[in-house]
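Data first, discussion second: the structure below is written as structure tokens.
Shown next as structure tokens:
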């Protein structure tokens, strides 16, 4: 029996494509742009941007990272997945006041869904990068 060489062993385990994953997190659709999928990247960037900025226009609130509430922690992680949009809004001091208006509640959900949709975009860019999807 012949044993595999180290070069063959390295090709058996696919490496994680860090570039498209990080680019996709930082900028929605960025992983697709990096792989020259211009149409798909533009569509994703437009849809997630629209969700995020509509959420801010409705005075939606970001979830806070708290140790006592699992729901708030998961919401924070969802918001964080919006990448540079979330980081930029926090850096620029965006903090909507607490409002009982239904629009503010919808805005909070829009902000969260923008991050969660970006997770799906990151996974899509990953699948394209490893060759599982065209």
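In the numbering used here, the protein residues as written are 17 to 150.
We put the beta carbon where it would ideally sit given N, CA and C, even for glycine.
Less than 8 Å between the C-beta atoms of residue i and residue j, yes or no?
i	j	result
residue 100	residue 42	yes
residue 142	residue 44	no
residue 80	residue 92	yes
residue 63	residue 50	no
How many angstroms separate the CA atom of residue i from the CA atom of residue j?
i	j	result
residue 66	residue 60	10 Å
residue 122	residue 71	7 Å
residue 106	residue 148	35 Å
residue 57	residue 150	14 Å
residue 37	residue 31	12 Å
residue 48	residue 87	31 Å
residue 82	residue 90	10 Å
residue 52	residue 145	11 Å
residue 113	residue 124	12 Å
residue 140	residue 116	37 Å
residue 96	residue 136	14 Å
residue 102	residue 46	15 Å
residue 35	residue 108	27 Å
residue 84	residue 55	42 Å
Pick out whichever of the options has its Cα sitting closest to the Cα of residue i.
i	options	result
residue 118	86, 77, 56 and 55	77
residue 126	54, 55, 75 and 31	75
residue 128	52, 55 and 98	98
residue 111	88, 87, 73 and 146	73
residue 94	54, 55 and 130	130
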